[in-house]
Structure formats: C-alpha cells, structure tokens
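Protein chains: 2
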Amino acid sequence: MSDSACQQVERLFHRQIPVTVAIGVQVVECDETGLVLTAPLAANHNHLGTAFGGSLSAVATLAGYGLLWSLLGDDQLHIVIRESSIRYLRPVRGEIRAVCKPPEAGALARFKAILEENGKSHVELAVEIIEDGQVCVEFRGNYVAIG
Amino acid sequence: MSDSACQQVERLFHRQIPVTVAIGVQVVECDETGLVLTAPLAANHNHLGTAFGGSLSAVATLAGYGLLWSLLGDDQLHIVIRESSIRYLRPVRGEIRAVCKPPEAGALARFKAILEENGKSHVELAVEIIEDGQVCVEFRGNYVAIG
Numbered sequence: 001m002s003d004s005a006c007q008q009v010e011r012l013f014h015r016q017i018p019v020t021v022a023i024g025v026q027v028v029e030c031d032e033t034g035l036v037l038t039a040p041l042a043a044n045h046n047h048l049g050t051a052f053g054g055s056l057s058a059v060a061t062l063a064g065y066g067l068l069w070s071l072l073g074d075d076q077l078h079i080v081i082r083e084s085s086i087r088y089l090r091p092v093r094g095e096i097r098a099v100c101k102p103p104e105a106g107a108l109a110r111f112k113a114i115l116e117e118n119g120k121s122h123v124e125l126a127v128e129i130i131e132d133g134q135v136c137v138e139f140r141g142n143y144v145a146i147g
Numbered sequence: 148m149s150d151s152a153c154q155q156v157e158r159l160f161h162r163q164i165p166v167t168v169a170i171g172v173q174v175v176e177c178d179e180t181g182l183v184l185t186a187p188l189a190a191n192h193n194h195l196g197t198a199f200g201g202s203l204s205a206v207a208t209l210a211g212y213g214l215l216w217s218l219l220g221d222d223q224l225h226i227v228i229r230e231s232s233i234r235y236l237r238p239v240r241g242e243i244r245a246v247c248k249p250p251e252a253g254a255l256a257r258f259k260a261i262l263e264e265n266g267k268s269h270v271e272l273a274v275e276i277i278e279d280g281q282v283c284v285e286f287r288g289n290y291v292a293i294g
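As given, the protein sequences belong to chains F and Z, one line each in that order. Residues in the first sequence are numbered consecutively from 1, following the numbering used here. Residues in the second sequence are numbered consecutively from 148, following the numbering used here.
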C-alpha cells in the first residue's frame with residue numbers, strides 16, 4: 001500500500017510539475033506516518049557545493065503538496081500554497097531529504113470537515129529537511145484545498 | 148555596463164547553481180536600480196497550469212543572491228540565505244518575473260561597513276514577482292555575506 005501511494009504521488013509530481021523531474025524528486029515514503037521526498041545534491045547544489053536554498057524551499061513546498069494529496073486521496077481537488085516561511089539552520093551536504101508529518105488528528109479532522117462543508121479549507125504543515133539525524137531546514141507552509 | 152552586469156550574474160548562476168539552467172533563469176536587468184530575473188512558465192508550471200510555488204520561491208531566492216553578488220562585486224564572498232518568507236497573493240499565469248530592489252542607502256552602507264569590519268554581515272532583501280503590473284508574490288529573505 002505504501003509503495004503504491006509513493007508511486008502515485010511521484011507520478012502526479014512528474015506528470016504535472018515538470019521541475020520535479022528536473023530536480024530529481026523521488027517519493028520514498030508515503031503512509032499514515034507522513035511523506036518523505038528526496039532529491040540528489042548533483043542537480044541541486046549551489047556555488048558552495050551544498051544544497052541551494054531555492055531547491056530546499058521547492059522540495060519542502062512539494063512535500064506539503066504531496067502529503068495533502070495523499071491524505072485527501074482526490075487528485076481533482078485544487079491544492080495551492082498561500083504562504084510559507086523557511087529557516088536554513090545548517091548546510092545540507094548530501095542528498096536532500098524532506099519529511100512532512102500529517103497535522104495532528106484534531107487539526108486534520110477540522111480541515112476535512114470545513115473542506116466538506118465550505119468546499120474550501122486551509123491547513124498549516126511543517127516540513128523538516130534532515131541530514132545525519134540533524135534538522136538542517138525548518139519549513140512551515142499554509143496550504144489551501146478547494147473542492 | 149548593465150548588459151555586462153546581467154551576463155556576469157547569469158553566468159555565475161548557470162555555472163554554479165545547475166537548477167538555474169533547468170528552470171531557465173535569465174538575468175534581464177541588473178543595475179543600480181535593482182535586478183530582474185525571468186523564468187519561462189513551460190519549465191515551471193504546476194498541476195493547475197500556473198507557476199509552481201517552489202519555482203517562484205527558488206526564483207525569488209535567486210534574485211536576492213544575484214542582487215547581493217552584483218552589489219558587492221566580489222564572487223569570492225560567501226553569500227548564504229538564513230531565512231525567508233513568501234506570500235502567494237495571485238497565481239502567475241505566464242513568464243515568472245522577479246524584481247529585487249537594493250536595500251535603501253543607509254541599510255546598504257551599514258551592511259557593507261559591518262562586512263568590512265567583522266568579515267560577516269546580514270541584510271534583508273525584498274523581492275516581488277510581478278505580472279501585468281500586479282504583485283503576485285511577495286518574498287523577504289535574510290542573506291548573510293561572509294568575507
């Protein structure tokens with residue numbers, strides 16, 4: 001189930017958002033515990049040989065999209081991002097690995113109930129980019145789903 | 148002077164940050180009034196056919212880097228981004244066009260003086276992504292230069 005969920009989200013990315021192919025995004029985990037994306041350093045390094053901030057931001061943004069798609073299970077929904085903030089705490093020296101956990105159960109239930117009632121709802125998602133057990137990047141994004 | 152400044156920054160991008168080639172970033176203005184980058188929608192659209200948030204964020208991040216490089220005129224400096232925030236106000240339906248203005252003269256002078264004295268200094272830069280005269284995206288980034 002998890003493998004197929006990964007493949008579904010990855011296919012959606014690669015078909016509909018061409019930059020995900022260019023930067024080599026892969027969905028490596030996708031289940032009820034969250035979504036994990038990777039992207040290789042080779043396509044995403046900066047002038048210092050570490051991961052470029054813009055790539056980190058793009059991969060984190062995608063992790064939130066992917067998590068919402070997989071949680072809502074409806075690729076006819078429009079999901080957009082309204083705003084986000086990102087803190088670059090440490091350079092990423094190898095593969096980019098972005099982890100997005102689902103919102104806590106109460107927030108998720110509220111998000112889904114409002115979406116069903118109003119046809120539109122928003123939720124805040126946190127993404128971390130982790131290397132060698134350390135958080136290198138903290139991202140928060142506010143996403144809107146429109147039914 | 149302006150054309151050659153554009154080419155210098157664009158060359159730096161394309162040589163040192165490969166994703167700038169993948170997403171088709173061009174430096175179209177670079178002078179004392181600011182820096183303007185473009186990127187085509189074809190390489191940067193999302194599942195809705197408008198510009199992908201992650202591409203907008205990457206292009207805005209680059210605009211800040213490019214402006215600092217051109218202002219400081221020293222590609223041996225290390226410039227990194229520490230944190231940023233972005234608000235997506237309206238969808239971008241065509242070419243991405245990111246405008247970064249220099250900080251006001253006092254802030255720029257302080258930034259340069261501290262960099263010279265301490266070998267390290269930070270500055271906040273604002274970038275707007277504009278289409279048909281309307282601001283579609285507002286970005287603020289805190290950049291650090293290390294001498």
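No residue lacks a Cβ here, since even glycine has one placed at the ideal position from N, Cα and C. These numbers come from a predicted model, not from an experiment.
#1: Taking only beta-carbon atoms, is A113 (chain F) less than 8 Å away from chain Z?
#2: One question on the structure: do A42 (chain F) and I23 (chain F) come within less than 8 Å of each other, judged by their Cβ atoms?
#3: When you compare the CB positions of C247 (chain Z) and L272 (chain Z), do they come within less than 8 Å of one another, or not?
#4: Measure the alpha-carbon distance for F160 (chain Z) versus V19 (chain F) and round it to whole angstroms.
#5: Taking Cβ to Cβ, would you say V144 (chain F) is nearer than 8 Å to V80 (chain F)?
#6: Going by CA-CA distance only, name the one from F:R11, F:E32 and F:I17 that's closest to A105 (chain F).
#7: Let me check understanding here. Comparing Cα to Cα, which of F:G133, F:P40 and F:Y65 lies closest to F199 (chain Z)?
#8: Out of curiosity, what's the CA-to-CA distance linking Q173 (chain Z) and C30 (chain F)?
#9: Can you grab the Cα-Cα spacing for the pair P102 (chain F) / R140 (chain F), in whole Å?
#10: Could you give the distance in angstroms between the alpha-carbon of L182 (chain Z) and the alpha-carbon of A109 (chain F)?
#11: Helix, strand or coil: how does DSSP classify Q26 (chain F) here?
#12: Give the residues of chain F in contact with E179 (chain Z), contact being defined as C-beta atoms less than 9 Å apart.
#13: Kindly list, in the order they appear in chain Z, the residues whose Cβ is closer than 9 Å to that of F139 (chain F).
#14: Apart from the five residues on each side of it in sequence, which residues of its chain come closer than 6 Å, Cβ to Cβ, to I150 (chain F)?
#15: Taking all protein chains shown into account, decide if N265 (chain Z) is buried (16 or more other Cβ within 10 angstroms of its Cβ) or exposed.
This is what the structure holds:
#1: What you label residue 113 (chain F) is simply residue 113 of the first sequence in a count that begins at 1. No - not a single Cβ of chain Z is within 8 Å of the one on A113 (chain F).
#2: Residue mapping note: residue 42 (chain F) aligns to position 42 of the first sequence, counting from 1. Residue mapping note: residue 23 (chain F) aligns to position 23 of the first sequence, counting from 1. No, these two residues do not count as a Cβ contact at 8 Å.
#3: Looking up residue 247 (chain Z) in the second sequence gives position 100. Looking up residue 272 (chain Z) in the second sequence gives position 125. Against a cut-off of 8 Å, the Cβ pair of L272 (chain Z) and C247 (chain Z) comes out as a contact.
#4: Position 13 of the second sequence, counted from the first residue, corresponds to residue 160 (chain Z). Position 19 of the first sequence, counted from the first residue, corresponds to residue 19 (chain F). Their Cα atoms are separated by approximately 17 Å.
#5: Taking the first sequence and counting its residues from 1, the one referred to as residue 144 (chain F) is at position 144. Taking the first sequence and counting its residues from 1, the one referred to as residue 80 (chain F) is at position 80. Their beta carbons are under 8 Å apart, which means V144 (chain F) touches V80 (chain F) by this criterion.
#6: Start at 1 with the first residue of the first sequence, and residue 105 (chain F) comes out as number 105. Comparing Cα positions, the closest option is F:E32.
#7: Residue numbering aside, residue 199 (chain Z) sits at position 52 when the second sequence is read from its first letter. Closest option to F199 (chain Z), Cα to Cα, is F:Y65.
#8: Residue mapping note: residue 173 (chain Z) aligns to position 26 of the second sequence, counting from 1. Residue mapping note: residue 30 (chain F) aligns to position 30 of the first sequence, counting from 1. Rounded to whole angstroms, Q173 (chain Z) to C30 (chain F) spans 36 Å at the Cα level.
#9: In the first sequence, the residue the question calls residue 102 (chain F) occupies position 102. In the first sequence, the residue the question calls residue 140 (chain F) occupies position 140. Distance between the alpha carbons of P102 (chain F) and R140 (chain F) is about 12 Å.
#10: Within the second sequence, residue 182 (chain Z) is the residue found at index 35, counting from 1. Within the first sequence, residue 109 (chain F) is the residue found at index 109, counting from 1. Straight-line Cα distance between these residues: approximately 45 Å.
#11: Along the first sequence, read from residue 1 onward, the residue named residue 26 (chain F) stands at position 26. If DSSP states are grouped into helix, strand and coil, Q26 (chain F) belongs with the strands.
#12: To locate residue 179 (chain Z), count along the second sequence from 1; it is residue 32. Here the premise fails: no neighbours, minimum Cβ distance about 23 Å.
#13: Here residue 139 (chain F) is taken as the residue at index 139 of the first sequence, counted from 1. By Cβ distance, chain Z contributes nothing, its closest Cβ being about 10 Å from F139 (chain F), past 9 Å.
#14: With chain F represented from 1 up to 147, any question about residue 150 (chain F) goes unanswered, as that position is not in the structure.
#15: Counting from 1 along the second sequence, the entry for residue 265 (chain Z) is found at position 118. Burial call: exposed.
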